[in-house]
Structure formats: structure tokens, C-alpha cells
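**Student:**
Residue numbers (our numbering): 34 to 465.
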């Protein structure tokens, strides 16, 4: 069943962002290129509209706009409209654009006589413009018009059109009947073509190759993989890959045949082309989704590991889950990976590091280190410390473990008592 895209309240509010999404006071809205196939809600929710853009959609019929009393400009170019109707209530309508539609029932313009303020009308690109006497018929029918297909209507042109109106009207009616008969045949052929395609589609249902059933496989709690199972999985991946390539080639051939087939330009063919493009777009979106055979899901009580093309992605869970009750599947609407993991009653708590006891000796060292870090520069009090006597440096005892900071004089022991084998050589000059 084909879904018909219609105007919705949400769409109207989205396109009314310039008016803070308010509809009751909305005066202008643009709904072009929205793939709209049915007009709804506009006349009920947007009563104050003055400008309405609906060009480049798939609208087959003018409807649900007759209550727009303040509407001044309506653009319905590039749609599938075949006749002019349901515009009597647009009392303030001044400009109507119906360019490039499928209007062949030219006599339907008589309904626009009620729109007394209508000054501009665009019908270029419609089948009715190919009728002999088209412009004269429109000019003679709609006296209020000032411009037709971007060309101003001169007074002399209107007088001549009114004089030849009866003759031109008969010509138009005859041509119109011929066109309507042609359209009936086109509709029958289009309906027959659709039925044939549906039958071919049923007969030519794509059957998966052996070994591929299209299901989503999930590997839960796979700790020690079986080599035989890995081999089977590899063969299944290869089979799925071949199937996808074969399916893409088949789709390309069908797409080429669709566009090369000669088809008349009708509302049905335009709608069929749109459906075909939509289907191709959906197929491409499905292809963009990662093949399920390339994903391996491993659910553990405290973490989740997903292997995508042999690349791991691991996530630590905030609560303990039940692996046996977990499941993984692909969403039917978005194609995303959906993993369901029911929680257990107990919640995993993060391990807190217990503070280590500090020994008294360690605390003293720590305080000493802190004090040393706080010292920025060395200061010496000359009143408490005296600089060593360089002249008598030989006679002073070595100060072991004092370091350069502690410069207090120590008790000097006689060198003769400290060094028994010491001999004073007179030939050796003193240091200073």
C-alpha cells in the first residue's frame, strides 16, 4: 500500500518558525518541495494566510483552501493538477500560478469568475495552452484579468476576444473532449501497467541463496570461540556478501530499464517516477546499514563488548545485568543496533581505594620534604655562622655529613694525633 503524504499540523508549525510556530496569526507560509500529495488542515489552522507557496509537490487536486478569505497569492506550479476548482471562497485572491501542471479541462477556468480581484493568472506549461484559441478564450471568460502568462492583456485584445467568443468557445470544447478521451486511455494504460508490475514483482520475488536467511544473529557470552564455528561464520559472511552484490546488480539493471522505457508525461508517470526514486532511496539507506554478520555482541554482567569488523568496542555498565536474558537485534524503523540487557537487583558499586596508614617516621619525612619544598632560597645569618678560614683549611678536620648549609665550626683534632704516619715535607709548598 502506497502512503500518501499530506499536510499535517506539525509540518505547518515547522514551516512557521518565522512566526514562532503560531498558526492563527500566520500570513505567509512556504510548503514547496515537501512531496505533498494531499492538502489538509490549511484552511482550518491558517485562516489569516495571505501568501501560500505549494509549488513542486505532487498535489492532484485543489482542495481545503476555499476558506482562506484573505489569501492573495497562491502558487501551485509543478504539481499534478488537472482542473481548476474549489477557489470560490478565496475572495481576495489576486495572483494564481498554475504553471507546469496537467490542466486540460480549460473550461474549468470559469470557476474563477467569482474571484473578482484576480489580476494575474499563469497557465503556461499546461496541455490546455496547446489548444487553438486558448488565450482568446481565457481573456474573454475572465474579464477581471490584467495579465495572462506574464503578458499584459490589452484593451483591443479583450474586445476582439469577446467578439469571437462563441466561435472560440466551440473550438475549445471540441479540443477539450478529444483531450479528455486521451486522458481516459492514459489512465487505463497506467493502471494496467501498475497491475502488471505488481504481478511481475510477485513472480520475481527475490529468493535468498542457500545459507542466508536474513536473520539477525547474536553471540552472547562467547568466550572461547570454536574454530569450526568461525569457519561456518566466515562462509556465511561470504554468502551474504555475494548475495548483496547480486542484489545490487539486479537493482541497477531494473533501474536502468525503468528510466530507458518510453513513457508519456502524465500525472501517473510523474507519480510513478517519484515512487521509484523513493524506493531507491530506501534501498540505499538499508545498504548503508552495516551487515549484521559483521557485528558480534558479547554481554557480560559488568560490561558489554561489541565487535564491529573485528574492531572491539567495550562499554562498562553502571549496573549488573543478566547476560542470559539479554538480546540484540536491529531496529525495523531506524536500522540501529538495539541491545536489551535486564538489570539484576544488586547494583555494582565502584571499588573505593582505602587510605594507607602513614608511619610516624614516614610522616616526619613527609613534613621535612614539604618544608624543603617551601624554601625558595638559601639565607645565611652571619651572626650565627662564620665563614671557614681558608688559610687554615688543612688544619681543620673533615666535617662528615654536615653538608654545605651547616657552617658551624667543629672541634679540631690535632693532625699529629689523627694521622700517625703523617710526615711534613718541607719541599712541598703550602696551598696558600
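Ideal Cβ positions, reconstructed from N, Cα and C, are used throughout, including at glycine. Only a predicted model underlies this, so the values are computations on that prediction, with no experimental measurement involved.
Can we say the region 163–176 touches the region 124–134, given the rule of at least three CB pairs closer than 8 Å?
**Tutor:** No: fewer than three Cβ pairs fall under 8 Å.
**Student:** For residue 103 and residue 123, I'd like the C-alpha separation in whole angstroms.
**Tutor:** Here the question's residue 103 lines up with position 70 in the chain shown. Here the question's residue 123 lines up with position 90 in the chain shown. Looking at the two C-alpha atoms, the distance is approximately 7 Å.
**Student:** Cutting at 8 Å between CB atoms, please list the residues of its own chain near residue 121, excluding the five before and the five after it.
**Tutor:** Taking the first residue of the chain shown as position 1, residue 121 is located at position 88. Excluding positions up to five away in sequence, the list reads 99, 144, 147, 148.
**Student:** Indicate whether residue 101 and residue 65 have their beta-carbon atoms separated by less than 8 Å.
**Tutor:** Reading the chain shown from its first residue, position 68 is the one you call residue 101. Reading the chain shown from its first residue, position 32 is the one you call residue 65. No.
**Student:** Kindly indicate which three-state DSSP category residue 52 falls into: helix, strand or coil?
**Tutor:** As a first step, residue 52 must be located in the chain shown, where it is residue number 19. Correct three-state label for residue 52: helix.
**Student:** Scan the region 136–187 and note each continuous beta strand (DSSP E) run of 3 residues or more that stays entirely inside, going in chain order.
**Tutor:** Within the region 136–187, the complete beta strand (DSSP E) segments at least 3 residues long are 153–155, listed from N- to C-terminus.
**Student:** Check whether the Cβ of residue 133 lies closer than 7 Å to any heavy atom of the ligand MN, and answer yes or no.
**Tutor:** With respect to small molecules bound, the structure shown includes none, and the ligand MN cannot be examined in it.
**Student:** Is the beta carbon of residue 78 less than 8 Å from the beta carbon of residue 62?
**Tutor:** Looking up residue 78 in the chain shown gives position 45. Looking up residue 62 in the chain shown gives position 29. No.
**Student:** Return the Cβ separation of residue 138 and residue 209 in integer angstroms, given the expectation that the two are a contact with Cβ distance under 8 Å.
**Tutor:** Here residue 138 refers to the residue found at position 105 of the chain shown. Here residue 209 refers to the residue found at position 176 of the chain shown. With a Cβ gap of about 6 Å, residue 138 and residue 209 count as contacting.
**Student:** Within this structure, are the beta carbons of residue 119 and residue 95 separated by less than 8 Å?
**Tutor:** Position 86 of the chain shown, counted from the start, is the residue given in the question as residue 119. Position 62 of the chain shown, counted from the start, is the residue given in the question as residue 95. Yes, Cβ-Cβ distance for residue 119 and residue 95 is below 8 Å.
**Student:** Just mark residue 150 as buried or exposed, buried being the case when its beta carbon has 16 or more other beta carbons within 10 Å.
**Tutor:** Here residue 150 is taken as the residue at index 117 of the chain shown, counted from 1. Classification of residue 150: exposed, given that the 10 Å Cβ count is below 16.
**Student:** Could you tell me the boundaries of the alpha helix (DSSP H) in which residue 46 lies?
**Tutor:** Residue mapping note: residue 46 aligns to position 13 of the chain shown, counting from 1. 42–47 is the extent of the alpha helix (DSSP H) around residue 46.
**Student:** Assuming residue 92 contacts residue 72 under a Cβ cut-off of 8 Å, what Cβ separation, rounded to an integer in Å, is found between them?
**Tutor:** Here residue 92 corresponds to residue number 59 of the chain shown, with the count starting at 1. Here residue 72 corresponds to residue number 39 of the chain shown, with the count starting at 1. With a Cβ gap of about 6 Å, residue 92 and residue 72 count as contacting.
**Student:** With H, G and I counted as helix, E and B as strand and the rest as coil, what does DSSP make of residue 75?
**Tutor:** Here residue 75 is taken as the residue at index 42 of the chain shown, counted from 1. Note: residue 75 maps to helix in three-state DSSP.
**Student:** Indicate the three-state DSSP secondary structure (helix, strand or coil) for residue 69 in the structure shown.
**Tutor:** Here residue 69 corresponds to residue number 36 of the chain shown, with the count starting at 1. Of the three classes helix, strand and coil, the one that applies to residue 69 here is coil, per DSSP.
**Student:** Which value, in whole angstroms, describes the spacing of the CA atoms of residue 202 and residue 172?
**Tutor:** Counted from its first residue, the chain shown places residue 202 at position 169. Counted from its first residue, the chain shown places residue 172 at position 139. Distance from the CA of residue 202 to the CA of residue 172, rounded to the nearest whole angstrom, comes to 12 Å.
**Student:** Kindly indicate which residue of 140, 223, 359 has the alpha-carbon position closest to the one of residue 297.
**Tutor:** Looking up residue 297 in the chain shown gives position 264. Minimum Cα distance to residue 297 is reached at 223.
**Student:** Per DSSP, residue 345 forms a beta bridge with which residues?
**Tutor:** Locating residue 345 in the chain shown gives position 312, where the first residue counts as 1. 340.
**Student:** I'd like the span of the alpha helix (DSSP H) that includes residue 7, first residue to last.
**Tutor:** Because residue 7 is not part of the residues shown, which for the chain are 34 to 465, the question remains open.
**Student:** For residue 370, which beta-bridge partners are listed by DSSP?
**Tutor:** For the purposes of this step, residue 370 is identified with residue 337 of the chain shown, where counting begins at 1. Answer by DSSP bridge pairing, in chain order: 363.
**Student:** Which first and last residues belong to the beta strand (DSSP E) in which residue 130 is found?
**Tutor:** Mapped onto the chain shown, residue 130 falls at position 97. Element bounds for residue 130: 128–130.
**Student:** Among the residues of its own chain, which have a CB less than 6 Å from the CB of residue 340, if the five just before and after it don't count?
**Tutor:** Numbered from 1 along the chain shown, position 307 holds the residue referred to as residue 340. So the list reads 329, once near-sequence residues are dropped.
**Student:** For residue 58, tell me which candidate among 80, 42, 205 has the shortest Cα-Cα distance.
**Tutor:** Counting from one through the chain shown, the residue named residue 58 turns up at place 25. It is 80.
**Student:** Put residue 212 into one of helix, strand or coil per three-state DSSP.
**Tutor:** In the chain shown, counting from the first residue as 1, residue 212 sits at position 179. Assignment of residue 212 by DSSP, reduced to helix, strand and coil, places it in the helix class.
**Student:** As a quick exercise: from 105, 161, 343, 176, pick the residue whose alpha carbon is nearest that of residue 117.
**Tutor:** Position 84 of the chain shown, counted from the start, is the residue given in the question as residue 117. The option with the nearest alpha carbon to residue 117 is 161.
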